[in-house]
Amino acid sequence: MKFEFYLPVEVLFGEGSVERVGEVAKRFGYRAIVITGRKSTKENGALERVIESLRKNGAEEVIVFDQVEPNPTDKTVNKASEIVVKEKVDYIVGLGGGSALDSAKAVSIVSSNEGYAWDYVNYPEGPRLIAFLNRPVICIPTTAGTGSEVNRYSVLSNPIRKEKLVISHSLNYPKVAIIDPTLTLSMSPRLTAITGIDALMHCLEALTNKVENPFAEELAIRAIKLIKEWLPVAVSEPENLRARTYMSYSAMLAGIAIDKKRVALIHGMEHPVSAHYPQVAHGEGLAALAPAVTDFNYKGNPDKYALFAELMGYEPKPHKAVIALQDFLERVGLRLSLKELGVEREKIERLTEDVYMLSRSLFDINPVEPDLESVKRLYELAYEGF
Ligand code: NAP
Ligand code: FE
Numbered sequence: 000m001k002f003e004f005y006l007p008v009e010v011l012f013g014e015g016s017v018e019r020v021g022e023v024a025k026r027f028g029y030r031a032i033v034i035t036g037r038k039s040t041k042e043n044g045a046l047e048r049v050i051e052s053l054r055k056n057g058a059e060e061v062i063v064f065d066q067v068e069p070n071p072t073d074k075t076v077n078k079a080s081e082i083v084v085k086e087k088v089d090y091i092v093g094l095g096g097g098s099a100l101d102s103a104k105a106v107s108i109v110s111s112n113e114g115y116a117w118d119y120v121n122y123p124e125g126p127r128l129i130a131f132l133n134r135p136v137i138c139i140p141t142t143a144g145t146g147s148e149v150n151r152y153s154v155l156s157n158p159i160r161k162e163k164l165v166i167s168h169s170l171n172y173p174k175v176a177i178i179d180p181t182l183t184l185s186m187s188p189r190l191t192a193i194t195g196i197d198a199l200m201h202c203l204e205a206l207t208n209k210v211e212n213p214f215a216e217e218l219a220i221r222a223i224k225l226i227k228e229w230l231p232v233a234v235s236e237p238e239n240l241r242a243r244t245y246m247s248y249s250a251m252l253a254g255i256a257i258d259k260k261r262v263a264l265i266h267g268m269e270h271p272v273s274a275h276y277p278q279v280a281h282g283e284g285l286a287a288l289a290p291a292v293t294d295f296n297y298k299g300n301p302d303k304y305a306l307f308a309e310l311m312g313y314e315p316k317p318h319k320a321v322i323a324l325q326d327f328l329e330r331v332g333l334r335l336s337l338k339e340l341g342v343e344r345e346k347i348e349r350l351t352e353d354v355y356m357l358s359r360s361l362f363d364i365n366p367v368e369p370d371l372e373s374v375k376r377l378y379e380l381a382y383e384g385f
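In numbering that gives the first Met the number 0, the protein residues as written are 0 to 385.
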């Protein structure tokens, strides 16, 4: 057995923990910026609560940057980073879904080093620049999906190049994650499903890919069981705090699992989709691709796919992973095709090339090593709905 484990994130988990942000932040200085989305944290009161807690605990300046869009862009990160530098901000609070958290973490890097956000994303040849400094980041998730609050990734889109790539760096971990499940209560059933399926896909890909890390697999296994049980409840009863709590917990476990094991072809094929179609939510793209890709993958790691099927309540046979997934997607209302999401058939060629140009570093850890022909075929299957 062989594995490595490093997780430099302090986690405060629990109902009401958002109120502790001020007390936690004190150690980082006096000048704060809160990086958040355009609407939801104002509507559900989370932003106000964070600002109040920071002020009560001695913050002298609290700047609010509320321009993070879903599938956040490098431009947004550059803009916030300029403010951070100009205003001599001591620390950064990311408040919102994965988009806000990923942006906050990237701002930490970009505001502390030379260059721009796109210099730090991971092309297969590596990033253009290596960061060597950062600023402290506190992440407060309001969705239960990405696990960004506990990992080293920031996923950014470049709308000019139509590329979506990841910053992955040990300086990109937040210092503290404050995970308060009550902040997710305001998610609609659809958003709950979309983000919950992202967490499930982190588990499935972490469990089955070729990176060796049994410890991370344990986390994924536990999270699959919880998501199977509680995501449908959270979708049908948005106010159910127990379901919300288990989903926040699962997303965190899954976020740690991918930090150690990375993802695989489902994510590798989704990123070009939301890069070309930014109106597609990450979790929707994953839902449309997952059944076809799983059908391609299961022979490469039969034991783990059989385990996945079993954890989802099906016979422990590798091929049952596909039906287990299809049925679960149906149950949470996300049995989708790429066509329904607005992807154009003529784009499949370009999406396929992009997987190769941008995500081929995932090919050799995918359960079955794909070639371009198979990627194209999988897009075609997912386009019609598999
Ligand atoms: P998101 O893009 O952060 O948010 C989607 C929408 O949900 C936004 O319109 C947001 O509104 C709204 N929202 C957020 N919290 C809400 C709440 N509590 N109640 C009501 N509405 C709420 O969604 P996400 O799925 O969490 O993050 C997706 C992004 O993370 C993608 O860019 C994806 O590629 C990335 N990602 C990162 C990782 C990682 O490891 N770092 C892993 C997977 C995916 P406002 O904008 O108005 O706030
Ligand atoms: Fe994801």
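Positions of the beta carbon are idealized from the N, C-alpha and C atoms, including for glycine.
Can you tell me whether DSSP reads A176 as helix, strand or coil?
-> One-based indexing of the sequence shown puts residue 176 at position 177. Reduced to three states, the DSSP call for A176 is strand.
Can you find at least 3 beta carbon pairs, one from the segment 230 to 241 and one from the segment 308 to 325, that sit closer than 8 Å?
-> no
Rounded to whole angstroms, how far is the Cβ of A291 from the Cβ of L164, which I believe are closer than 8 Å?
-> Residue mapping note: residue 291 aligns to position 292 of the sequence shown, counting from 1. Residue mapping note: residue 164 aligns to position 165 of the sequence shown, counting from 1. No, A291 and L164 are not in contact; Cβ-Cβ is about 23 Å, not under 8 Å.
Collect the residues with a C-beta less than 7 Å away from any heavy atom of the ligand FE and give them in sequence order along the chain.
-> T145, D197, M200, H201, V262, H266, H281, L285
What are the complete beta strand (DSSP E) segments, minimum 3 residues, inside the segment 14 to 58?
-> 30 to 36
Helix, strand or coil for T244, going by three-state DSSP, please let me know.
-> Sequence index remark: in the sequence shown, residue 244 carries index 245 (1-based). T244 falls in the helix class under three-state DSSP.
Can you tell me which of H168, L206, L310 puts its alpha carbon nearest to the alpha carbon of L132?
-> Here residue 132 refers to the residue found at position 133 when the sequence shown is read from its first residue. Considering only alpha carbons, the answer is H168.
Under the three-state DSSP convention, the category E60 falls into = By one-based count along the sequence shown, residue 60 stands at place 61. It is a strand residue.
Using 8 Å as the threshold, is the segment 118 to 131 in touch with the segment 88 to 97, meaning 3 or more CB pairs across them?
-> no
Among residues of its own chain, excluding the 5 on either side of V154, which ones have a beta-carbon nearer than 7 Å to its beta-carbon?
-> Sequence index remark: in the sequence shown, residue 154 carries index 155 (1-based). Once the five neighbours on either side are set aside, the close Cβ partners of V154 are D101, K163, V165.
For the beta strand (DSSP E) containing N157, list its first residue and its last residue.
-> In the sequence shown, residue 157 corresponds to position 158, counting from 1. Note, N157: beta strand (DSSP E), 152 to 157.
Simplified DSSP state of I196, which is helix, strand or coil = What you label residue 196 is simply residue 197 of the sequence shown in a count that begins at 1. Looking at I196 - three-state DSSP - the assignment turns out to be helix.
In chain order, what residues of the same chain lie with their CB nearer than 6 Å to the CB of L218, ignoring the 5 residues before and after it?
-> Sequence index remark: in the sequence shown, residue 218 carries index 219 (1-based). Closer than 6 Å at Cβ, skipping near neighbours: L252, I255, A256.
Would you tell me roughly how many angstroms separate the C-alpha atoms of P71 and G97, rounded to the nearest one?
-> Taking the first residue of the sequence shown as position 1, residue 71 is located at position 72. Taking the first residue of the sequence shown as position 1, residue 97 is located at position 98. Approximately 9 Å, taken between the alpha carbons.
Proximity winner among V61, V63, G36, A320, relative to T293 (alpha-carbon distances) = Within the sequence shown, residue 293 is the residue found at index 294, counting from 1. Considering only alpha carbons, the answer is A320.
Where does T181 sit, in a helix, a strand or coil, going by DSSP?
-> For the purposes of this step, residue 181 is identified with residue 182 of the sequence shown, where counting begins at 1. In the structure shown, T181 sits in a helix (DSSP, three-state: H, G or I).
Outcome for V17 when other beta-carbon atoms lying within 10 angstroms are tallied against a minimum of 16 = Sequence index remark: in the sequence shown, residue 17 carries index 18 (1-based). Classification for V17: buried.
When you compare only the Cα positions, how much space is there between A198 and L328?
-> By one-based count along the sequence shown, residue 198 stands at place 199. By one-based count along the sequence shown, residue 328 stands at place 329. Distance between the alpha carbons of A198 and L328 is about 13 Å.
Please confirm whether A31 and L53 have their CB atoms less than 8 Å apart.
-> In the sequence shown, residue 31 corresponds to position 32, counting from 1. In the sequence shown, residue 53 corresponds to position 54, counting from 1. Contact: yes.
Helix, strand or coil: how does DSSP classify L6 here?
-> As a working note, residue 6 is residue 7 in the sequence shown. If DSSP states are grouped into helix, strand and coil, L6 belongs with coil.
Candidates E51, S156, Y115, E81: closest to A274 by CA position = Indexing the sequence shown from 1 puts residue 274 at position 275. Minimum Cα distance to A274 is reached at S156.
Do V154 and the ligand NAP come close, with the Cβ less than 7 Å from some heavy atom?
-> As a position in the sequence shown, residue 154 is number 155, starting the count at 1. Yes, since a heavy atom of the ligand NAP falls inside the 7 Å radius drawn around the Cβ of V154.
Can you give me the start and stop residues for the alpha helix (DSSP H) that H277 sits inside?
-> Residue numbering aside, residue 277 sits at position 278 when the sequence shown is read from its first letter. In the sequence under discussion, the amino acid at residue 277 is Pro, which differs from the His named in the question. Unbroken run through P277: none, as it is neither H nor E.
Okay, do the segment 355 to 370 and the segment 279 to 291 touch, 3+ Cβ pairs below 8 Å being the bar?
-> no
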